[in-house]
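Engineer: Per UniProt numbering, the sequence shown runs over residues 1 to 726.
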Amino acid sequence: MNFQSQKILFQIRLDRKIAVLFFVFLSVFSLQAQEITSPDKNLSLKFELKEGGIPSYQLSYKQKPVIKPSSLGLEIQNGTSFMDGFSITNTAQSSVDENWNPVLGEEKTIRNHYNELVITLAQAKNNNRYIRIRFRLFNDGLGFRYEFPKQNELSYFVIKEERSEFNLNGNHKIFWIPGDYDTNEYAYTTSKISEIPSLMKKATIEINAQQPIAALSVQTPSMMKSDDGLYINIHEAGLINYPAMYLEVDSVNNKMISHLAPDVLGAKGYMQTDAQTPWRTIVVSDKATDILASKLILNLNEPTSYKDVSWIKPVKYIGIWWEYFVAGRSTWAFGKENNVKITDDFTKLTPNRKHGATTERAKEYIDFAAKNGFDAILIEGWNIGWEDWIGNWKEEVFDFVTAYPDFDVKAVHAYAASKGVKIIMHHETSGSATNYERRLDRAFQFMNDNGYDAVKTGYVGKIIPRGEHHDGQWMVNHYINVAKRAADYKIMINSHEAVRPTGLNRTFPNWIAQESARGTEFESMGGLAPDHTTILPFTRLMGGPMDYTPGIFQTDLSYYGTGSTQRVNTTLVKQLAYYVTMYSPLQMAADIPGNYERFPDAFQFIKDVAVDWDNSYILEAEPGDYITIARKAKGRNEWFIGGITDENARTSNISFDYLPEGKNFIATIYADAKDANWNQNPQKYTVTKVIVNAKTKLKQYLAPGGGFAISIKEGTASELKGLKKL
1 MNFQSQKILF QIRLDRKIAV LFFVFLSVFS LQAQEITSPD KNLSLKFELK EGGIPSYQLS
61 YKQKPVIKPS SLGLEIQNGT SFMDGFSITN TAQSSVDENW NPVLGEEKTI RNHYNELVIT
121 LAQAKNNNRY IRIRFRLFND GLGFRYEFPK QNELSYFVIK EERSEFNLNG NHKIFWIPGD
181 YDTNEYAYTT SKISEIPSLM KKATIEINAQ QPIAALSVQT PSMMKSDDGL YINIHEAGLI
241 NYPAMYLEVD SVNNKMISHL APDVLGAKGY MQTDAQTPWR TIVVSDKATD ILASKLILNL
301 NEPTSYKDVS WIKPVKYIGI WWEYFVAGRS TWAFGKENNV KITDDFTKLT PNRKHGATTE
361 RAKEYIDFAA KNGFDAILIE GWNIGWEDWI GNWKEEVFDF VTAYPDFDVK AVHAYAASKG
421 VKIIMHHETS GSATNYERRL DRAFQFMNDN GYDAVKTGYV GKIIPRGEHH DGQWMVNHYI
481 NVAKRAADYK IMINSHEAVR PTGLNRTFPN WIAQESARGT EFESMGGLAP DHTTILPFTR
541 LMGGPMDYTP GIFQTDLSYY GTGSTQRVNT TLVKQLAYYV TMYSPLQMAA DIPGNYERFP
601 DAFQFIKDVA VDWDNSYILE AEPGDYITIA RKAKGRNEWF IGGITDENAR TSNISFDYLP
661 EGKNFIATIY ADAKDANWNQ NPQKYTVTKV IVNAKTKLKQ YLAPGGGFAI SIKEGTASEL
721 KGLKKL
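(1) Give me the Cα-Cα distance between VAL28 and THR502, rounded to the nearest whole angstrom.
(2) Count the other CB atoms, across all protein chains shown, that sit within 10 Å of the CB of ILE177; report buried if there are 16 or more and exposed otherwise.
(3) Using a 10 Å radius around the Cβ and a threshold of 16 neighbouring Cβ atoms, would you call THR651 buried or exposed?
(4) Quick check: the segment 157-166 against the segment 187-203, are at least 3 beta-carbon pairs closer than 8 Å?
(5) For SER71, which residues in the same chain have their Cβ closer than 6 Å to its Cβ, ignoring the five residues on either side in sequence?
(6) Would you say LYS316 and ALA589 are within 9 Å of each other, going by their C-beta atoms?
(7) Report the rounded CA-to-CA distance for LYS674 versus ILE282, giving the unit in angstroms.
(8) Is the segment 462-470 in contact with the segment 258-271, if contact means three or more CB pairs nearer than 8 Å?
(9) Nearest-angstrom Cα distance between GLY715 and SER655?
(10) Is the segment 324-332 touching the segment 567-576, taking contact as three or more C-beta pairs under 8 Å?
(11) Under a Cβ-count criterion, where at least 16 other Cβ atoms within 10 Å of its own Cβ denotes burial, should ASN127 be classed as buried or exposed?
(12) Per DSSP, THR457 forms a beta bridge with which residues?
(13) Does the Cβ-Cβ distance between ASN352 and ILE424 come in under 9 Å?
(14) Less than 9 Å between the beta carbons of THR520 and TRP322, yes or no?
(15) Should ARG329 be listed as close to the ligand ATP, given that the test is whether its C-beta is under 8 Å from any heavy atom?
(16) I'd like the list of long-range same chain contacts for PRO530, defined as Cβ closer than 6 Å, with 5 residues on each side in sequence excluded.
(17) To the nearest angstrom, how far is the alpha carbon of TYR306 from that of ASP612?
(18) Residues in the same chain with beta-carbon distance under 7 Å from GLY551, minus the five sequence neighbours each way, listed in chain order, please.
(19) Quick check: ALA667 and VAL692, are their CB atoms within less than 9 Å of each other?
(20) Using a 10 Å radius around the Cβ and a threshold of 16 neighbouring Cβ atoms, would you call PRO149 buried or exposed?
(21) What does DSSP give as the partner residues of ILE552 in its beta bridges?
(22) Under 8 Å: do the segment 406-422 and the segment 376-384 share three or more Cβ pairs, one atom per stretch?
(23) Tell me where the beta strand (DSSP E) around VAL687 begins and ends.
(24) From residue 815 to GLY170, what does the alpha carbon distance come to, in whole angstroms?
(25) In angstroms with no decimal places, state the Cα-to-Cα distance between THR347 and PHE400.
(26) In angstroms, rounded to a whole number, what distance separates the CA positions of ALA486 and LEU300?
(27) What are the residues that DSSP puts in a beta bridge with PHE374?
(28) Reducing DSSP to helix, strand and coil, say where SER718 ends up.
(29) So, for LYS192: in the same chain, excluding its five sequence neighbours on each side, which residues have a beta-carbon less than 8 Å away from its beta-carbon?
(30) With a threshold of 8 Å on Cβ separation, who are the neighbours of PHE86 within its own chain once the five nearest residues in sequence on each side are excluded?
(31) Pick from VAL118, ASP40, GLU185 and GLY269: whose alpha carbon is nearest that of MET475?
(32) How is GLY73 classed by DSSP in three states: helix, strand or coil?
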């Protein structure tokens with residue numbers, strides 16, 4: 001081999017070494033920094049390990065920072081934490097684009113479209129114990145979770161705290177309620193993040209069972225708006241076998257850090273591999289309407305495993321309920337005695353003469369339901385125990401099967417069945433989950449035997465087991481256990497005072513609604529601000545349907561002659577709009593029947609409106625200000641529109657371009673009168689019928705604290721004749 005040949009061979013070998021080294025460099029770099037984009041390329045996620053092997057992520061939307069570099073990890077009791085010392089051992093990317101059909105919902109079909117990045121992280125200092133962090137990037141936001149595969153070096157551990165950071169890009173406007181392990185029933189405060197510390201005391205009003213978090217924190221879903229016009233919503237999805245997440249607030253640095261509900265020992269979660277956390281969700285857009293349209297949280301939940309879902313149906317109902325709140329008009333309790341036991345002879349109690357759940361009153365409600373096309377009635381206070389149900393932290397208050405002397409279960413069931421009306425059972429647990437679980441099967445069998453296929457559960461009071469919280473891991477598992485056990489008996493669940501929802505109505509579709517927020521009952525106990533329901537869809541309802549109990553027509557409670565000066569802070573028409581803007585497949589006409597009979601033309605909308613939908617169209621929205629939504633009824637050529645505003649009057653711009661082309665429809669418009677107001681003339685409204693089609697545009701006035709509602713139906717030629725065309 002001559003010199004020139006040797007030189008060439010040396011150069012080839014050198015080039016190969018450089019190429020190999022360059023390839024190794026690129027491989028190491030690619031393992032240290034990974035990026036994916038959403039399917040529409042608007043969102044970009046970057047993951048990397050910071051110095052010391054600390055996992056970090058950042059998120060941008062249309063090249064605007066949403067989450068600046070933020071650390072990820074969990075602290076562990078009595079062991080090495082999952083916080084640092086990591087190296088990346090594997091990465092994987094994939095994409096999914098599929099459609100699925102919810103059992104009940106706002107859309108007949110939901111698209112599940114995302115790009116996924118899975119990072120495997122090992123800790124050399126801990127015998128290469130490893131975890132995974134899974135990111136799913138949708139067009140409407142990000143979901144991520146921690147996964148703990150089964151392995152020799154990781155079997156059982158206890159979480160001290162999760163430390164997922166959300167390092168925000170500014171001092172955003174935020175709609176928030178205080179962090180509290182035991183209740184979500186707070187009024188919302190609107191402020192800058194920096195103002196939260198100074199406003200926290202005022203925002204933390206006393207509520208039964210309250211256990212405020214010592215650290216400065218807010219609850220999720222947390223809704224924010226940046227100065228440059230981004231809408232950001234932080235929550236969680238798929239909360240199973242794990243405590244609920246709150247957000248500790250670093251108001252100086254505009255940072256949120258996860259904080260989990262503890263048990264009495266301070267532990268945040270007991271984990272056994274193979275395991276994973278819930279998804280942490282960040283929904284983001286430059287349009288508020290996109291936040292309300294997002295199905296990211298539902299998509300991150302697992303499909304249901306139920307083989308038969310034919311028994312899960314939407315429900316429109318009335319109930320013996322609101323009369324308990326209007327200045328003591330009726331009572332849940334039958335007797336006057338205090339400190340009674342469920343083993344006592346309740347036939348010997350002295351009647352208090354105001355008991356609401358009597359056989360005769362139940363029949364009156366059944367007649368009203370049958371006459372007006374309602375599916376069911378809820379009867380609260382039918383069962384023994386209400387004389388001693390609150391404030392005593394007792395193990396056994398209710399047995400869920402024994403009726404008061406003036407309520408005949410079988411007679412009421414037979415009468416309801418003869419009228420084609422269902423009865424909704426009520427199980428108030430008084431917070432004693434252990435008592436409820438012991439009696440669960442007998443209670444559900446009692447329901448089956450007496451024709452009940454839905455139950456409203458309640459958890460008012462401090463939780464038993466003592467030391468547990470409404471939002472802790474033990475209770476999270478309890479709520480799911482109740483839903484799963486109810487499914488064995490083909491029973492639907494509507495839970496009140498439970499942990500806020502996280503999209504589990506996809507996995508457990510018989511869990512059709514929850515309260516878990518400040519609902520209509522608070523209108524009788526201090527009132528709700530006119531902007532409250534313009535915030536709830538951006539916060540509480542992001543996780544799932546709410547049993548808000550709308551439909552109050554008699555808004556001035558002094559009407560009942562009890563000396564009350566309390567009022568419901570809406571116009572009558574705004575109450576109609578809630579049936580569209582506050583999504584739920586379980587909708588109550590919450591007022592006393594006689595009040596509906598005084599306003600038959602307005603009541604017609606409640607009778608007509610659907611509660612299950614093929615399509616939903618978010619026409620306009622701004623959190624805290626206004627919302628307008630149109631929806632198409634499931635399986636019918638009928639559409640309903642609802643619009644609400646805060647304390648300010650406004651004009652809504654309504655499009656009808658979702659209607660079929662080339663066809664005219666009859667629209668019945670329920671509107672605030674020009675001189676209506678939430679606190680003056682709230683019951684003044686107009687009802688107008690007009691012709692609309694896909695090209696129609698409407699400017700509709702909303703009074704202060706008011707709204708509008710529109711029903712749209714096909715009409716015959718004779719019905720259309722003589723109507724004005726918009």
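Backbone N, C-alpha and C define an ideal beta-carbon position, used for all residues, glycine too.
Structural biologist: According to the data block:
(1) Taking the sequence shown and counting its residues from 1, one reaches residue 28 at position 28. Taking the sequence shown and counting its residues from 1, one reaches residue 502 at position 502. In this predicted model, VAL28 has a pLDDT of only 42, less than 50, meaning its place in the structure is not dependable enough to derive any value.
(2) In the sequence shown, counting from the first residue as 1, residue 177 sits at position 177. The residue in question, ILE177, is buried, as its Cβ has 16 or more Cβ neighbours within 10 Å.
(3) To locate residue 651, count along the sequence shown from 1; it is residue 651. Burial call: exposed.
(4) no
(5) Numbered from 1 along the sequence shown, position 71 holds the residue referred to as residue 71. For SER71, where only same-chain residues beyond five positions count, the Cβ hits under 6 Å are ILE54, SER56 and GLU165.
(6) The residue given as residue 316 occupies position 316 in the sequence shown. The residue given as residue 589 occupies position 589 in the sequence shown. Result yes, Cβ atoms of LYS316 and ALA589 sit closer than 9 Å.
(7) Your numbering for residue 674 matches position 674 in the sequence shown. Your numbering for residue 282 matches position 282 in the sequence shown. Between LYS674 and ILE282, the C-alpha separation is close to 41 Å.
(8) yes
(9) Position 715 of the sequence shown holds residue 715. Position 655 of the sequence shown holds residue 655. Taking the straight line joining both Cα atoms gives about 20 Å.
(10) no
(11) The residue given as residue 127 occupies position 127 in the sequence shown. The residue is exposed, with fewer than 16 neighbouring Cβ atoms inside 10 Å.
(12) By 1-based counting over the sequence shown, the position of residue 457 is 457. According to DSSP, THR457 bridges with HIS427 and SER495.
(13) Sequence index remark: in the sequence shown, residue 352 carries index 352 (1-based). Sequence index remark: in the sequence shown, residue 424 carries index 424 (1-based). No, Cβ-Cβ distance for ASN352 and ILE424 is not below 9 Å.
(14) As a working mapping, residue 520 is identified with position 520 in the sequence shown. As a working mapping, residue 322 is identified with position 322 in the sequence shown. In this structure, TRP322 lies closer than 9 Å to THR520 by Cβ.
(15) The ligand content of the structure shown is nil, which means the ligand ATP is not present either.
(16) If you number the sequence shown from 1, residue 530 lands on position 530. If we look at PRO530 and ignore the five residues flanking it on each side, its Cβ neighbours are ASN569, ASP646, GLU647, TRP678 and GLY705.
(17) Position 306 of the sequence shown holds residue 306. Position 612 of the sequence shown holds residue 612. Near 20 Å, if we compare the C-alpha coordinates of ASP612 and TYR306.
(18) Taking the sequence shown and counting its residues from 1, the one referred to as residue 551 is at position 551. Cβ within range, chain order: GLN575, MET588, ALA589, ALA590, ASP591 and ILE606.
(19) Residue numbering aside, residue 667 sits at position 667 when the sequence shown is read from its first letter. Residue numbering aside, residue 692 sits at position 692 when the sequence shown is read from its first letter. Yes, they are a contact pair.
(20) Here residue 149 is taken as the residue at index 149 of the sequence shown, counted from 1. Per the 10 Å Cβ criterion, exposed.
(21) Locating residue 552 in the sequence shown gives position 552, counting from the first residue. None; ILE552 has no bridge partner.
(22) yes
(23) The residue you call residue 687 lines up with position 687 of the sequence shown. It spans 685-692 - the beta strand (DSSP E) in which VAL687 sits, taken as one unbroken run.
(24) There is no way to answer for residue 815, as the model of the chain reaches only from 1 to 726.
(25) Within the sequence shown, residue 347 is the residue found at index 347, counting from 1. Within the sequence shown, residue 400 is the residue found at index 400, counting from 1. Rounded to the nearest angstrom, the two C-alpha atoms are 17 Å apart.
(26) Sequence index remark: in the sequence shown, residue 486 carries index 486 (1-based). Sequence index remark: in the sequence shown, residue 300 carries index 300 (1-based). Their Cα atoms are separated by approximately 23 Å.
(27) Sequence index remark: in the sequence shown, residue 374 carries index 374 (1-based). Its beta-bridge partners do not exist; DSSP assigns none.
(28) As a position in the sequence shown, residue 718 is number 718, starting the count at 1. It is helical.
(29) One-based indexing of the sequence shown puts residue 192 at position 192. Only ASN171, HIS172, LYS173 and ILE174 meet the Cβ criterion.
(30) Mapped onto the sequence shown, residue 86 falls at position 86. Excluding positions up to five away in sequence, the list reads LEU49, GLY53, ILE54, PRO55, LEU121, ALA122 and GLN123.
(31) Here the question's residue 475 lines up with position 475 in the sequence shown. The shortest C-alpha separation from MET475 is found at GLY269.
(32) Your numbering for residue 73 matches position 73 in the sequence shown. Of the three classes helix, strand and coil, the one that applies to GLY73 here is coil, per DSSP.
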